[in-house]
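Inspection log for the structure reproduced underneath, given as structure tokens.
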Amino acid sequence: MVADLIESIVKILFIFGVNIGFFSPILGWVERKQSALMQDRVGANRADIFGYTLIGLFHPIADAIKVLTKEDFIPDGADRLIHTLAPFISLTPAIVAFAVIPFGGQYELFGHRVNLIIADLDVGLLFVFAFASLASFGAVLAGWSSNNNWSFLGGLRASAQMLSYEVVMGLNIIGVIMVYGTLRLSEIGAMQVNFFDWGIFLQPVGFVLFFTCAIAENKRAPFDVAEAESELVAGYFTEYSGLKFVMFWMGEFLEIVTIGGLVTTMFFGAWHLPFVSDQMLLNFFRFAGPNGAAILAILVNIITFFTKVIFFIWLQMTIRWTLPRFRYDQVMRLGWKMFLPIALINIFITGLVILVK
Amino acid sequence: MSDTAKDLHSEYMVINMGPSHPVTHGTVKFLLTLEGETIIDMKVDIGYLHRGFEKMCENGTWEQVIPYTDRLNYVSPLINNVGYALAVEKLIGIEAPQRCQYIRVIASELARISDHYTNVAASGLELGAFTAFLYFVEARELIWDLIEMLCGARVTANYVRIGGLKNDLPDGFKTKSRDVFKRCRELWADVDKLLTKNRIFIDRVRNVGVMPPEDAIAWGFTGPCLRACGIPYDVRKFHPYLVYDQMDFEVPVGETGDNFDRYLVRMEEINQSMRIVEQALDKMPTGPVNVDMPEYRWQSKDDISNRIESMIFHFKTVTEGIKPPAGEIYSAVEGANGELGFYLVSDGSGKPYKCRVRPPCFPLTAAMPKMVRGSFIADIIPTFDMINMIGGECDR
């Protein structure tokens, strides 16, 4: 019992620390530096402590101080309660969704079975979707409560776009569920031991559609019509400042990580190295004793998983800085008239293949 | 569904886009009437950058107008310099020396290149293609290096003088321009790859802001926007000035008159302008760059110090200004946005009696409502970018 509690707390602290403490500040820096590299610029390199700039890594700290000391502005005529609530609704799902994503296998450690996932829900995938759709409320309510026409238009766009893409994303997932026969993400991960059982080989179309829809769901370029800065000033968060603005921003970055985690888990072998199963890892680390081997295997799992996640973060950033923005109606047309039929055909073909097998 | 919609109480949303809105650079206000995202009506409100250019000109000497013209189209100031100087020279009835004309052609084309870079880059930026924007900004910086070499300033050039130039072409200009153009062509190819065949970009600009050729003429379109409609009108070809008739270049034309054609025309004009600069550098004759008429163009400092006539003329032209004969003329050059015309009236005194500018982007801005009515808010952005409204020139 106590061991379970300790295990849970350690895992929660680890994931929370990685997401809030590492990814969300560092991604702001990564986005600046990566775009700078792509665009022949230097990027953020001014913030320093005692003259050390550390390639701009102090900028997240400087940003945090700036944001905390900024005026928290609520416009006249805004709905104060909803205006304050909206950023929380936007940020929380992004944090929570990671609870059901496994970052390693199951190991025997000091006589206790450790499962490297915070909440091993049997409806894990549905849980992710439930929270992803909650996040859209944040955008809608922010747009509605700001008493600003641009925010309002942004909120409308956000609601329509996120609802449409959730439908397509849900249909994409059905292909994955049919192939693996489970909604539990840790089981989906465990089934991808064999390299050729990775989701990318079983559901290639599903991967492309899911990844695209996930970017659209996260409202990042080229699907950032809800916050299109040249059209709607800043869309639904035009009237936000200080910490509340950063909460939207952090929500977006954490969703990038979550998307990376989901794609890795469903399509890229989760925590597995190609052609290497957890048992092979344990055998390989036999020299360290049973507990030592388990710890080393866990470390390899975690590093493998987060390396894959970081690759997909990089991919999302690259897409964001390469492509121009869609028009609102084009986003909707793409979702309903292109992705939805393809997703349905994908389900049909997956069904046929399973039937024939 | 439609019956229910009729019974619902609904009204249009009236919204101010600008004057301080990210897309209304150059400072302009659009008063939009929206039904959802569709534009029912649009009113354009200009004048936020009005400085009284024409009145200022009447209070200075003819020479003192030249720095003001830098601030007209501040993205391509050298063309404004050239346009004004040509107009005054036409009023006086003099012609600049051959070498001066070649250098003016080079200056104009460099300015045109930098203007087109800025325009294409900014439209990319506003459609979300930030990387394409910065590639062309780098190219523009290189062109500005050349302009800096030429006249010492990067933006407000103030290079051309009535009857001559501030200075001759600097040494090493030809070598430097060869290096710069090499890099610029690489960057051009990168942006071409990023935008021209990009499906998202094409979707955003194809069939948006369409202007039929006859309407474009009726609204007074000139420049790339008119040529995008398929009408090959270019002042450089139809009313050649300077030495453009000796240059081998083509005038790219579009077919449909939409934003994509405007983009393509500008992209090709960048290449053609580089060709012109290279030809001009190759054919450049030697000789003086200023007319030998001390009553209109200052002599060299040496002459002013040592020759009494030069000194008298210098004193007269500085204190009273040069004095073109009384009369009025209209002279036009091909600006980066279209026909940039100067209508000058002289009463024989040292100051312009009237200095009226025909800004190429004024008719284009006026046609904005016609081009976007019935389309979406998002369509304002590429359309407004592609007409390239420059506040300094439109509002004066």
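Chains as they are written, first to last, in the numbering used here: chain A, 1499 to 1855; chain B, 63 to 458. Backbone N, C-alpha and C fix where the C-beta goes; we use that ideal spot for every residue, glycine too.
Short CB-CB distance (under 8 Å) between F1824 of chain A and chain B: Closer than 8 Å: yes.
I need the DSSP call for E390 of chain B, collapsed to helix, strand or coil. Collapsing the DSSP output to three states places E390 of chain B in a strand.
What is the DSSP secondary structure of H71 of chain B, reduced to helix, strand or coil? In the three-state scheme derived from DSSP, where H, G and I count as helix and E and B as strand, H71 of chain B is classed as coil.
Give me, in chain order, the residues of the same chain whose beta-carbon lies closer than 8 Å to that of R1539 of chain A; leave out the 5 immediate sequence neighbours on both sides. So the qualifying residues of the chain are S1533.
In this structure, does DSSP put C456 of chain B in helix, strand or coil? Three-state DSSP puts C456 of chain B in a helix.
Residue nearest to P1600 of chain A in terms of C-alpha spacing, selected from A:V1744, A:L1683, A:D1561, A:V1677: Answer by Cα proximity: A:L1683.
Burial state of M448 of chain B (16 or more Cβ within 10 Å): By the neighbour-count criterion, in which a residue is buried when 16 or more other Cβ atoms sit within 10 angstroms of its Cβ, M448 of chain B is buried.
Beta carbon proximity, V85 of chain B to chain A, threshold 8 Å: By this cut-off, V85 of chain B is an interface position.
Around the Cβ of S72 of chain B, are there at least 16 other Cβ atoms within 10 angstroms (buried) or fewer (exposed)? Counting Cβ neighbours within 10 Å, S72 of chain B comes out exposed, since fewer than 16 surround it.
Would you call the stretch 1788-1801 of chain A in contact with the stretch 1688-1705 of chain A, where contact means no fewer than 3 C-beta pairs closer than 8 Å? The stretch 1788-1801 of chain A vs the stretch 1688-1705 of chain A: no contact.
Going by CA-CA distance only, name the one from A:P1822, A:F1625, A:I1817, A:T1567 that's closest to S1728 of chain A. Selected option, being the one with the closest Cα: A:P1822.
Nearest by alpha-carbon distance to L288 of chain B: which of B:N450, B:R418, B:N135, B:V127 is it? Answer by Cα proximity: B:N450.
Less than 8 Å between CB atoms is the rule here; does T1710 of chain A satisfy it with respect to chain B? Output row for T1710 of chain A: interface = no.
Please check if any C-beta of chain C sits within less than 8 Å of the C-beta of N1716 of chain A. Checking the listed chains, one finds no chain C in this structure; the protein chains it contains are A and B.
Strictly below 7 Å CB to CB, what residues from chain A border M336 of chain B? Correct list: empty, because the minimum Cβ distance to chain A is about 21 Å.
Can you say whether F198 of chain B is buried or exposed, counting buried as having 16 or more other CB atoms within 10 angstroms of its CB? Buried, because 16 or more other Cβ atoms sit within 10 Å of the Cβ of F198 of chain B.
Excluding the 5 residues preceding and the 5 following G109 of chain B in the sequence, name in chain order all residues of the same chain whose CB lies nearer than 6 Å to its CB. Within the same chain, G109 of chain B has close Cβ partners D457.
Tell me whether P232 of chain B is buried or exposed, calling it buried when 16 or more other Cβ atoms sit within 10 Å of its Cβ. Exposed, because fewer than 16 other Cβ atoms sit within 10 Å of the Cβ of P232 of chain B.
E203 of chain B versus B:A191, B:E188, B:Q163, B:L249, residue with shortest Cα-Cα distance: In terms of Cα proximity to E203 of chain B, the closest of B:A191, B:E188, B:Q163, B:L249 is B:L249.
Quick check: the stretch 422-437 of chain B against the stretch 94-109 of chain B, are at least 3 beta-carbon pairs closer than 8 Å? These segments touch.
As an exercise, report each continuous alpha helix (DSSP H) stretch of at least 4 residues that is fully enclosed by the stretch 1597-1668 of chain A, in chain order. Qualifying alpha helix (DSSP H) stretches, in chain order: 1622-1643.
Going by CA-CA distance only, name the one from A:W1834, A:A1617, A:T1763, A:T1590 that's closest to T1805 of chain A. Minimum Cα distance to T1805 of chain A is reached at A:T1763.
Close-in-space but distant-in-sequence residues of the same chain around R435 of chain B (CB under 8 Å, 5 per side omitted): The beta carbon of R435 of chain B sits closer than 8 Å to the beta carbons of I101, I102, D103, M104 from its chain, once the five residues preceding and following it are set aside; these are given in chain order.
Counting only beta-carbon separations shorter than 8 Å, does E1729 of chain A have a partner in chain B? Yes, E1729 of chain A lies at the interface with chain B (some Cβ there is under 8 Å from its Cβ).
Could you tell me the alpha carbon to alpha carbon distance between Y325 of chain B and R337 of chain B, rounded to whole angstroms? Y325 of chain B and R337 of chain B have their alpha carbons spaced roughly 19 Å apart.
Bridge partners of D103 of chain B, per DSSP? DSSP, once it has assigned bridges, lists B:T95 as partnering D103 of chain B.
First and last residue of the alpha helix (DSSP H) that includes R1578 of chain A? R1578 of chain A -> alpha helix (DSSP H) spans 1578-1594.
Same chain only: Cβ atoms within 6 Å of A278 of chain B, ignoring 5 sequence neighbours per side: Within the same chain, and ignoring the five residues on either side of A278 of chain B in sequence, the residues whose Cβ sits closer than 6 Å to its Cβ are L288, C291.
If the cut is a Cβ gap below 7 Å, which residues of chain B does M1536 of chain A touch? What M1536 of chain A touches in chain B: T193.
Classify S1643 of chain A as buried or exposed, calling it buried when 16 or more other Cβ atoms lie within 10 Å of its own Cβ. Residue burial is scored here from C-beta neighbours: S1643 of chain A has at least 16 other C-beta atoms within 10 angstroms and is therefore classed as buried.
Return no unless some Cβ of chain B is closer than 8 Å to the Cβ of A1656 of chain A. Chain B, which has no Cβ nearer than 8 Å to the Cβ of A1656 of chain A, makes this no.
Quick one, are the C-beta atoms of D206 of chain B and S170 of chain B less than 8 Å apart? The residue you asked about is not Asp; residue 206 of chain B is Trp in the sequence shown. Using a Cβ distance threshold of 8 Å, W206 of chain B and S170 of chain B do not count as a contacting pair.
Residue(s) in a DSSP beta bridge with N78 of chain B: B:L93, per the DSSP bridge assignment.
Among B:F438, B:L70, B:R216, B:E157, which has the Cα closest to the Cα of D132 of chain B? Across the set B:F438, B:L70, B:R216, B:E157, the C-alpha of B:R216 shows the shortest separation from the C-alpha of D132 of chain B.
Using C-beta distances below 7 Å, list every residue in its chain close to Y221 of chain B, excluding the 5 sequence neighbours before and after it, in chain order. Beyond the five residues adjoining it in sequence on each side, Y221 of chain B comes within less than 7 Å, by CB distance, of L140, N143, A169, L212, C213, L227, K228 in the same chain, given in chain order.
With the cut-off set at 8 Å, would you say A1637 of chain A and P1591 of chain A are in Cβ contact? The answer is no: Cβ separation not under 8 Å.
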